[in-house]
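Okay, so here's the structure we're looking at.
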Amino acid sequence: MSVGFVMLVHEALDRAAQVARHWAEHGKPVVIHVDQRVGSDDYRHMTSKLEDLQNVRFSKRHACEWGNWSIVGATQSACELLLEHETDVRHVFLISGSCMPLRSPSELQSYLDERPRTDFIESVTTDEVDWTVGGLDQERFTLRFPFSWKKHRRLFDRYVEFQRRINFKRKIPDGIVPHLGSQWWCLTRQTLTAILEDPRRAEYDRYFRRVWIPDESYFQTLARLYSTQIESRSLTLSKFDFQGKPHVFYDDHLQLLRRSDCFVARKIWPQAEKLYREFLITDQSPSKMAEPNPLKIDRLFSRATERRTRGRAGLYMQGRYPNEGWENGKTAGRYSVFQGFAELFEDFGPWLARRTGNRVHGNLFAKDRVHFANDETVYNGALSDSADLRDYNPGAFLTNLIWNTRGEHQCFQFGPKDAQKIGKFIAADRNATVSVIAGAWAIPLFHSNRNFADIRREAAQLQRIEARHLELLRDGQTKARVSIWSLAEFIEDPMENLQQILDELGGDAGRRLTEVPLMADLSGFGQFLQNLKNQGMSPHLMGDFPVIDDPQKTSGGQRPYLVK
Amino acid sequence: MKLLRSYRLRLQRKRWRIRAFRKRRDLSARKNRTAQIGKRDILLFCTLRNERIRLPYFLKYYRDMGVDHFFFVDNGSNDGTGEHLADQPDVTVFYTEKGYKRARFGVDWLNWLQLKYAHGHWCLVVDVDEFLVYPFCDTRPIRALTDWLDASSIKSFGTMLLDMYPKGPIDSVPYMEGQDPFEIAHWFDSGNYTIQKNKRFGNLWIQGGPRARAFFADKPERAPALNKVPLVKWDRAYTYVSSTHMLLPRGLNLVYDEWGGEKTSGCLLHAKFLNTFVEKSAEELKRKQHFANSHEYKAYNEGLSANPDLWCKWSEKYINWRQLEILGLMSKGNWA
């Protein structure tokens, strides 16, 4: 008993001939179907190359168009030829010209000998199928498809749509349940002859002639009628990408293919010299009898599909520039923005870095230059500290920084004195955590030794900028996690508020705060605000400070609130 | 409105084709071997001037990659460039002394040659200091890529120009003929690129890298464009518009995914910053044949005399394409 091969060829004829020779020389008969559309010179060249082999035959040629009955027709006539002339054949293995044997013919033979009655054909009902491209599964069997999908896509789609609209349905012949599966199967003589010699074959053929991609359903459906034992999987390793086009194997897949223990793989790139050299040798090593295990290859290809369809979050490059809202994450990771903290606490940056182990930058968006952590002039990824470069595209600056420091959590200070253009981006970014002590910008002014008129002018300006920024953060569109305190609220219970911030940052979660950063001296701050008021400016963002001193004792304010 | 825009672009495309046709008279064939081009050959097009020293490695690099035939436009070289090229078995050389600037920086010449010879071929258009790196380029020839692009019905392949530089002053290590330039200039900036979309042509406009950092920190909008589409399945109806930054019809510029995914893309390693650059930039400044009144070269000259070292402590040392993939400077997409 032996396995015989039916090989469908439409390109790379030399490689197909090479593989056919390999099987034939190992005593496995091969019937080759060459697409009618292949030129007659090439065809003659191929037949002459295999002339010397008695067990290689060429079947009647059909012009094959993808998705069309012709491929089934070609398979049928090739199978008939094989079964008629090679009476010794028990299993018929359908392969393509770009298939490659990964294990020796004897291994395949003994594998099949142990399962003499088993048909290896992937065959699942349409309800269970999730891999069809274009969304046509059950409808393959109930609609008509007179237009070529490859050549007249629009007509094809329109006609499908039209039939759906008028509720057109073809009748499925009695007694068969549509099944789908990989085109590449291995059937026993019994099952295959039962299909080919079925008294109702003419009826089935007539029906399947008009089914969409019948090579994925004809044998898969009819095998269910006769097979005594179906293993619903293909012995051919064949993977499809998200567009329904087969993945191709190259020389660098050698180890992966070898370890997969699959019997046959497709498609092989015709110029993969090393693969053809390594796998088409006469293998004398004892057979391993291992079960095919394509898991690793599955993973490789599903990762590729993932990369193509979802991509890496927060990455912008020549192959990935998502439209607004399609980024799957505007930045590559979480980061924290602190506004007003460096003004209220004298050593906030170093303290935060100490407590959390995170990278804490100064004001990244300061107008003079980018204040990176440790005052570096160039940062990770060779980001420059030039304010002009940064302001040229602040969003790109931030996404670059977060991308370049993947695996680290970035914290930076922000304030109304900084370039504000980035505000919108941060507000719309899910990865941002923004904590604001509103009105804290007044503290440095309070401590400064400047003319009061200048102070008043600047205070008015900063307040206007910050108010606009807070409005943005409180907007319904905001995706960032935002906490806003007024200065008065925050200093009611600074410990509690800092603790909350640390808890959100994670890291040393659970540990109680033991060390607080040094708070700026606020005695007289209430009077300072009153003076601003007296001069006609109305400082309101910082909340209420009594003119009489000691802000520590003010009470009755609101608790800090979490906006989102 | 949309219709009007696409009609305008159509007119523009025709204008560039007519211009290319007229500029054909600039070119005279010095050695024409186009008869030996096979139907499926992968072609490379390049304009150059006085680059004799770079040629041996350039030709070897792309021959090893699987380029079948080279087209060069020799723009008035006097250092033996033309003779060397004419001696190569797989090279067709055209010669011209006409202005580089008048030919829109060589685009018109190459558009003409492509119109005439490249129809139906995969075509690579690069400068002599640009070295294509694509996913799996260490194990798969460029034919594997173009076959895959064909099977995926993709007509153009996007890259970013990645400026490579040495550590220390640019002219400290002299480049030897035949040497891999990235033995000297093997550092690059990994994460300081900015992207904008060009609404009109649909291409991305990428800027950044060491040139923006060192020479254009105070005028970033003038930093050179780094987006390039060098590999195209050419049709005689296509034209490059500005260098290889963008093409018409505009669909060819859509080498990036807009719905979150990554399209397969590569890098052009740019071996510009070698010792040859210093004299070259002085010469180019004198010739005034470069883009936008050569302001790029002006900036280089100022920058070079002030601080010629592009290296910084965050510079990344080049290893291979996989490194670039991990850094997000290129992508395998769904090619596995």
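These protein sequences, in sequence, are chains A and B.
Its first residue numbered 7, the first sequence is counted upward by one per residue in this note's numbering.
Its first residue numbered 404, the second sequence is counted upward by one per residue in this note's numbering.
We put the CB at the ideal spot given by N, CA and C, even for glycine.
Contacts with chain B (Cβ-Cβ distance below 7 Å) from the stretch 44-72 of chain A involve no residue at all. For secondary structure counted as the alpha helix (DSSP H) over 4 or more consecutive residues, the stretch 287-359 of chain A holds these complete runs in sequence order: 301-315 and 347-350. A/Arg21 and A/Arg27 have their C-alpha atoms roughly 10 Å apart. Distances from the CA of B/Ile573 to each of B/Lys683, B/Gly561 and B/Ile598 were compared; the closest alpha carbon is that of B/Lys683. By the Cβ rule, the stretch 464-477 of chain A counts as touching the stretch 542-549 of chain A, because three or more pairs are nearer than 8 Å. By the neighbour-count definition (other C-beta atoms within 10 Å, threshold 16), A/Phe174 is an exposed residue. About 5 Å separates the beta carbon of B/Met649 from that of B/Phe604, a gap short enough to meet the 8 Å contact definition.
Within chain A, the residues whose beta carbon sits less than 7 Å from that of B/Ala615 are Leu395, listed in sequence order.
Excluding five sequence positions before and after A/Gly355, the CB atoms of its chain that fall closer than 6 Å to its own CB belong to Val366, given in chain order.
A/His51: member of the alpha helix (DSSP H) spanning Ser46 to Lys55, first to last residue. Rounded to whole angstroms, the Cβ separation of B/Ser556 and A/Gln324 is 20 Å, and the two are not in contact under 8 Å.
Listed along chain B, the residues sitting closer than 7 Å to A/Gln324 by beta-carbon distance are Gly561, Thr562, Met563, Leu607, Ile609, Asn630, Val658, Tyr659 and Ser668.
In the three-state scheme derived from DSSP, where H, G and I count as helix and E and B as strand, B/Gly479 is classed as coil.
Within the stretch 707-739 of chain B, no run of beta strand (DSSP E) reaches 3 residues while sitting entirely inside it. The alpha-carbon separation between A/Ala18 and A/Val217 amounts to approximately 28 Å. Of the candidates A/Met295, A/Gln261, A/Leu479 and A/Tyr117, A/Gln261 places its Cα closest to the Cα of A/Leu281. DSSP lists A/Val36 as the bridge partner or partners of A/Val62. Under the Cβ distance rule, A/Gly482 does not count among the residues neighbouring chain B, no pair being separated by less than 7 Å. Under a 10 Å Cβ-count criterion, A/Gln235 is classified as exposed, with fewer than 16 other Cβ atoms of the shown protein chains found around its own Cβ. For B/Arg546, the enclosing alpha helix (DSSP H) has its first and last residue at Ile545 to Ala554.
Interface annotation, B/Pro623: in contact with chain A, CB-CB separation under 7 Å. Taking a Cβ-Cβ threshold of 8 Å, the residues of chain A close to B/Trp738 are Ala310, in chain order. Residue-level contact check: A/Tyr282 does not touch chain B, since none of the beta carbons of chain B fall below 7 Å from its beta carbon. Between A/Met13 and A/Ile101, the gap from beta carbon to beta carbon is short of 7 Å. Cα atoms of A/Glu86 and A/Leu114: separation of roughly 22 Å, rounded to the nearest angstrom.
A Cβ-Cβ distance of about 7 Å is found for the pair A/Ala310 and B/Lys735, placing them in contact under the 8 Å criterion.
Taking 8 Å as the Cβ-Cβ cut-off, the stretch 231-254 of chain A approaches chain B at Asp247, Phe248, Gln249, Lys251, His253 and Val254, given in chain order. At a cut-off of 7 Å between beta carbons, A/Thr315 contacts chain B. Exclusion of the five residues before and after A/Tyr213 leaves Pro179 as the residues of its chain whose Cβ lies within less than 6 Å of its Cβ. For the C-beta of A/Pro300, not a single chain B residue is nearer than 7 Å; the gap to the nearest is close to 13 Å. Beta bridge pairing from DSSP links A/Met525 with A/Phe351. Only residues of its own chain outside the window of five on either side were considered, and among them none has a CB closer than 6 Å to the CB of B/Ser645. Straight-line measurement puts the Cα of B/Asp429 at about 12 Å from the Cα of B/Arg422. For A/Thr337 and A/Gly445, the gap between their C-alpha atoms comes out near 28 Å. The CB of A/Arg318 comes closer than 9 Å to the CB of Glu665, Gly731 and Ser734 in chain B, given here in chain order. Judged by pairs of C-beta atoms under 8 Å, the stretch 429-439 of chain B does not touch the stretch 461-468 of chain B, as fewer than three such pairs exist.
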